[in-house]
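The block underneath contains the structure these notes are about, expressed in structure tokens.
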């Protein structure tokens, strides 16, 4: 019959060390009767006696001594193996982020982290939606936004102002428009959003002194910023972007259409609520902060900005 009394076997080790049911019961915060019952169950499962009951305690039988030596060594080996697995887990890291951020900011720098921390296995988990709930498999993530999220702990990496951009043709259609004309155009052109309920465009329109029409053309939601950028460059709508879109701005494929920017948005480190940071998380966080501190950001160039 397959042996299944492993809980009783753990108790057996403690009783064998104490040589007394009474002392073992005190050490384990159990009753003497419960200890005695468990040992009877163990002996029944084993098919042989492990203790000789004596007036002042118990004595191990010959088989009990052999079992004690092997069981204690086996449990010790198991504990050591579990500790090794936990140690390995400490040096495994899964980071969630958009493919846009990963390709444009992290990718050129990540090799430095890997060189400094060769013992850390790092996995990048693409997040199509910036507000995806963090799963138990993600240790931390990098999100863009205003930091007002209730489902995670947050830590600001850096504020990165966003400004409206358009493709070449759409930007040309906005040139030389005055205030009322610009307001009408901004309400007629599609304004691409990253998620439902996003207030970024509303906040920008307000800061720019433009009135947002309640039934505006901002119903197209594209959660992936890299895909959204392609739509903008193909004149399918307006998008809010930051300095990470500098290559497209420099090439002229993307045009910044206003010098008004939202300066309360940026990139945040986000963590699952109340989860203790592993050694790998702490190492990545420190490295990331150092990289941000050493970065030098230049404002995106303005091109044919209409007067607001």
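Residue numbers (the working numbering): 5 to 312. Cβ atoms here follow ideal geometry from the backbone N, Cα and C, with glycine treated the same way.
Burial is judged here by how many other beta carbons sit within 10 angstroms of a residue's own beta carbon; residue 246 has at least 16 and is buried.
Here residue 162 is exposed. Its C-beta has fewer than 16 other C-beta atoms within 10 Å. Shown here for residue 285: same chain residues with a beta carbon closer than 8 angstroms to its own, the five before and five after excluded, namely 97, 143, 144 and 275 in chain order. Exclusion of the five residues before and after residue 124 leaves 95, 97, 284 and 287 as the residues of its chain whose Cβ lies within less than 7 angstroms of its Cβ. Taking residue 18 as the centre and dropping the five residues before and after it, the same chain places the C-beta of 28, 31 and 32 closer than 7 angstroms to its C-beta, in chain order. Its Cα nearest to that of residue 195, the residue 237 stands out among 156, 23, 237 and 129. Note on residue 156: 16 or more other CB atoms within 10 angstroms of its CB, so buried under the neighbour-count rule.
Cβ contact annotation for residue 230 (same chain, cutoff 8 angstroms, sequence separation greater than five): 102, 103, 104 and 107, in chain order.
Between the alpha carbons of residue 188 and residue 173 lies a gap of roughly 17 angstroms. Residue pairing for residue 166: DSSP places it in a beta bridge opposite 266. A residue is called buried once 16 or more other Cβ atoms fall within 10 Å of its Cβ, and residue 42 is buried on that count. In the three-state reduction of the DSSP assignment, residue 278 falls in the coil class, being assigned neither a helical nor a strand state.
Under DSSP, residue 99 forms a beta bridge with 128 and 144. Under the three-state reduction of DSSP output, residue 52 falls in the coil class, being neither helix nor strand. Residue range 61–64 is occupied by the beta strand (DSSP E) that includes residue 63. Closest option to residue 129, judged by alpha-carbon separation, among 52, 141 and 210: 141. Residue 193 sits away from residue 207, with the two beta carbons spaced by 9 angstroms or more.
Following the DSSP letters along the chain, one finds residue 30 inside the alpha helix (DSSP H) bounded by residues 25–32. Comparing alpha-carbon positions, the option among 37, 39 and 47 lying closest to residue 7 turns out to be 47. Contact check for residue 244 against residue 158 fails: the beta carbons are separated by 9 angstroms or more. The residues 165, 166 and 167, in chain order, have a CB closer than 7 angstroms to that of residue 265 in the same chain once the five nearest residues on each side in sequence are set aside. Take the alpha-carbon of residue 210 and the one of residue 177: they are about 22 angstroms apart. Taking the Cβ atoms as the reference, residue 52 lies roughly 15 angstroms from residue 63, outside the contact range of under 8 angstroms. Within a 10 Å sphere around the beta-carbon of residue 39 sit 16 or more other beta-carbons, which makes this residue buried. Listed as beta-bridge partners of residue 273 by DSSP are 146 and 159. Between residue 61 and residue 23 a beta carbon distance of about 5 angstroms is seen, short of the 8 angstroms cut, so the two are scored as contacting.
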